[in-house]
Amino acid sequence: MTNTHEQKRTVDAVIVGAGFAGLYILHRLRGLGLTVRVFEAGKGIGGTWYWNRYPGARCDVESMDYSYSFSDDLQQEWRWTERYASQPEILKYINHVADRFDLRRDVTLETRVTAAVFDEATSRWTVRTDRGEEVAAQFCIMATGCLSAAQVPTYPGLERFKGKWYHTGNWPHEGVDFTGQRVGVIGTGSSAIQSIPIIAKQAAHLIVFQRTPNFSVPAHNAPLDPDYERSVKANYADFRRQARESRVGFVVERNDKSALEVSRDEREHEYEARWRRGGLGFSSTFTDLLISKDANDTAADFFHAKIRSIVRDPAVAETLLPRHYPLGTKRLCVDTNYYATFNRDNVSLIDLTKSPIEAITPDGLRTRDQSYAFDRIVFATGFDAMTGALLAIDIRGRGGKPLKEKWAEGPRTYLGVAIAGFPNFFTITGPGSPSVLSNMIVSIEQHADWIADCIEYLRHNGRMAIEEATVEAEDQWVQHVNEVGHLTLYPQANSWYMGANIPGKPRIFMPYIGGVGVYRQKCDEVATKGYEGFRLK
Ligand SMILES: Cc1cc2nc3c(=O)[nH]c(=O)nc-3n(C[C@H](O)[C@H](O)[C@H](O)COP(=O)(O)OP(=O)(O)OC[C@H]3O[C@@H](n4cnc5c(N)ncnc54)[C@H](O)[C@@H]3O)c2cc1C
């Protein structure tokens with residue numbers, strides 16, 4: 038056994054996942070002089086942007102915001118080409134970052150972590166992979182992604198389907214040509230809304246199967262305005278500071294007025310202006326859209342009128358109207374020509390609430406009332422969000438307790454970053470943190486910085502052994518996350534934030550809605566108080 042080989046089997050930290058989170062925490066921990074191994078299931082780095090190659094995949098947080106802030110040289114030199122970067126461009130960026138900071142040499146690709154078990158005798162984690170490798174590490178960091186466990190519905194008959202099927206979150210690297218094909222897209226969430234307009238242009242016929250209609254705002258994507266780029270780059274530090282202090286991790290024009298205190302004309306004017314600007318800022322048109330149902334109804338009415346004005350067939354337009362949950366409480370989508378695509382002759386919309394899917398058939402699928410034939414199925418059915426990738430690993434903490442058992446009633450964490458009973462174990466953008474409700478790169482950098490600072494603190498204070506959230510701190514945090522969540526309209530929707538897209542998953546509002554800025558302050562306060570709520574040995 039060579040020394041290097043031996044060194045690779047015992048490291049200071051193991052990181053699982055090589056997306057934005059895994060790569061940045063690797064960079065930080067290396068900077069502290071730690072030895073690190075990163076395991077990544079994919080054949081390449083990039084996480085979300087490695088897997089989600091479906092047509093139309095792009096970010097819906099604007100490019101100048103959706104990028105790392107940790108290196109000024111990087112943010113000054115990198116040039117985005119569009120207002121919203123496409124998946125290939127983001128993947129190029131993350132690969133550039135990996136090369137620029139020499140990150141690849143600690144990343145082992147095509148290797149899935151299957152187990153992480155805490156050994157109380159040695160205070161170390163034993164991490165096992167599907168390649169039979171076993172690594173011991175003091176720190177175990179899960180950068181496994183909130184939207185990385187693709188969810189394919191378990192309809193009977195899929196194995197007998199004669200055509201090909203795809204999940205948007207695990208798209209073939211060679212691409213898919215739908216020219217001349219009859220295609221069925223199942224699902225109408227964000228990925229469907231991005232891909233449907235493009236698939237419709239290629240396919241001979243496209244049938245969209247919709248269970249829940251979504252609110253989608255136009256992106257108005259365009260080449261990045263060079264003046265805007267220059268102005269951001271001239272003040273990037275301030276731009277990033279504002280993002281960090283904001284509610285969602287990027288700056289949106291705020292309006293402190295209630296939707297109910299202004300005249301009907303003013304309201305329509307404001308909504309129209311946001312619609313024309315495009316993008317996620319729509320839900321901040323008024324201050325109370327996510328806390329007052331009456332206020333929210335005015336935004337929903339505006340949306341309904343827009344959809345009716347775009348979609349020519351009134352029956353199709355009615356089917357596309359989201360009615361049963363407040364706007365913004367399921368993830369707001371951002372699109373290019375989504376609603377207008379339903380005006381095409383080769384596109385049909387099927388309402389699954391009237392007639393649910395019963396089975397996939399060799400030729401397509403069967404709902405309760407009818408059979409449909411097609412050659413290709415696209416599952417745009419989303420992810421087992423926030424907990425799926427974590428619970429797919431056999432994680433065992435103190436006393437051999439499985440995380441699955443601890444989270445049987447839903448995830449419990451302290452700050453979304455630590456778990457009582459799981460010493461020296463961290464989750465990046467875990468449940469109980471703003472994560473999916475924010476510009477995730479801001480949240481990823483904040484968590485990775487916080488974890489790196491914490492590890493540095495432990496080492497400098499000779500407290501190498503244990504850093505573990507207390508049950509009391511965790512209980513209080515879980516209660517706080519719930520209380521804040523229930524002050525808003527969010528829990529009213531059957532959303533993936535609530536675990537509602539996964540049969541049998543406990544219904545808990547998983548992300549922290551208190552805001553990125555407030556949350557950061559709370560985390561900093563915990564650190565300043567010598568890691569309050571943690572037991573240090
Ligand atoms: C289509 C799409 C569009 C999005 N657009 C935006 C956006 O506009 N703005 C925004 O803020 N966020 C967006 N997101 C969220 C996006 O996931 C985050 O922004 C960010 O990319 C997450 O990075 P990550 O490193 O935390 O996780 P990921 O990028 O998901 O990476 C996690 C990695 O961990 C690996 N992994 C998981 N389990 C294991 C295991 N057991 N062993 C080994 N490897 C494992 C996975 O293979 C994956 O590569 C989008 C997500 C999707 C799916």
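At position 283 of the sequence shown the residue is numbered 320 (our numbering), and the sequence of numbers has no breaks. Each residue gets a CB set at the ideal place from its N, CA and C atoms; glycine is no exception.
Residues ARG74, VAL164, VAL172, ALA174 and CYS177 of the same chain have their beta carbon placed closer than 6 Å to that of VAL51, with the five preceding and five following residues left out of the count. Taking a contact as a CB-CB distance under 8 Å, the pair GLY226 and GLY419 counts as one, their CB atoms being some 5 Å apart. Taking all protein chains shown into account, VAL53 has 16 or more neighbouring C-beta atoms within 10 Å of its C-beta and is therefore buried. Sequence-distant partners of GLN188 (beyond 5 residues in either direction) whose C-beta falls short of 7 Å from its own C-beta, in its chain, are THR418, GLY419, PHE420, ASP421, ASN538 and ILE539. For a cut-off of 8 Å, the C-beta gap from ASP102 to PHE287 is around 4 Å, short enough to register as a contact. If you draw a straight line from the Cα of PHE339 to the Cα of LYS566, it is about 47 Å long.
Relative to LEU140, the option among MET547, ARG65, TRP533 and LEU297 whose CA is nearest is ARG65. Residue environment analysis places VAL508 among the exposed positions, since fewer than 16 neighbouring C-beta atoms fall within 10 angstroms of its C-beta. Contact annotation: LEU357 and PRO471 have beta-carbon atoms that are not nearer than 8 Å. For HIS210, the three-state secondary structure derived from DSSP is coil. Per the C-alpha coordinates, the member of LYS438, GLY453, GLY401 and TYR409 positioned closest to THR424 is GLY453. Here DSSP, grouped into helix, strand and coil, assigns ILE397 to strand. Using a Cβ distance threshold of 8 Å, TYR375 and ALA336 do not count as a contacting pair.
Assignment of LYS199 by DSSP, reduced to helix, strand and coil, places it in the coil class. At the C-beta level, VAL150 and THR166 come within 8 Å of one another. Taken in chain order, the whole beta strand (DSSP E) runs of length 3 or more contained in the region 57 to 107 are 73 to 76. Nearest C-alpha to ALA377 among LEU364, THR398 and ASP350: ASP350. Of all alpha-carbon atoms in LEU427, THR450 and GLY458, the one lying nearest the alpha-carbon of GLY437 is that of GLY458. For the set VAL134, HIS257, ALA94 and SER253, the Cα lying nearest the Cα of ARG368 is the one of SER253. In the three-state DSSP reduction, PHE339 falls in the helix class (H, G or I). For THR47, the beta-bridge partners assigned by DSSP are ALA173. Annotation for GLY552: SER283, ARG284, VAL285 and PRO471 place their beta carbon closer than 8 Å to its own, counting only its chain and skipping 5 residues before and after.
Here ILE178 is bridged, per DSSP, to ILE52 and PHE463. MET477 has its CB nearer than 7 Å to a heavy atom of ligand 1. Taking all protein chains shown into account, ASP412 has 16 or more neighbouring C-beta atoms within 10 Å of its C-beta and is therefore buried. Here SER392 is near ASP406, since their CB atoms are less than 8 Å apart.
The beta-carbon distance between TRP162 and LEU128, rounded to whole angstroms, is 30 Å. This is too long to meet the 8 Å contact definition. With respect to the C-alpha of GLY70, the residue from ALA489, TRP117 and LYS574 having the closest C-alpha is ALA489. Comparing alpha-carbon positions, the option among ALA564, SER100, GLY68 and TRP533 lying closest to ALA186 turns out to be TRP533.
If you check the C-beta of ASN132 against ligand 1, you find no heavy atom less than 7 Å away. In the DSSP annotation of this structure, the continuous segment of the beta strand (DSSP E) that includes PRO255 starts and ends at 253 to 255.
Secondary structure at VAL521: helix, using DSSP grouped into helix, strand and coil. Secondary structure at PRO468: strand, using DSSP grouped into helix, strand and coil. Proximity to PHE379 across GLY536, GLN218, ILE230 and TYR105 peaks at ILE230, based on C-alpha coordinates. The beta carbon of LYS443 sits closer than 6 Å to no other beta carbon from its chain once the five residues preceding and following it are set aside.
For TYR549, the closest C-alpha among the options CYS560, GLY365, ILE131 and GLY522 is that of GLY522.
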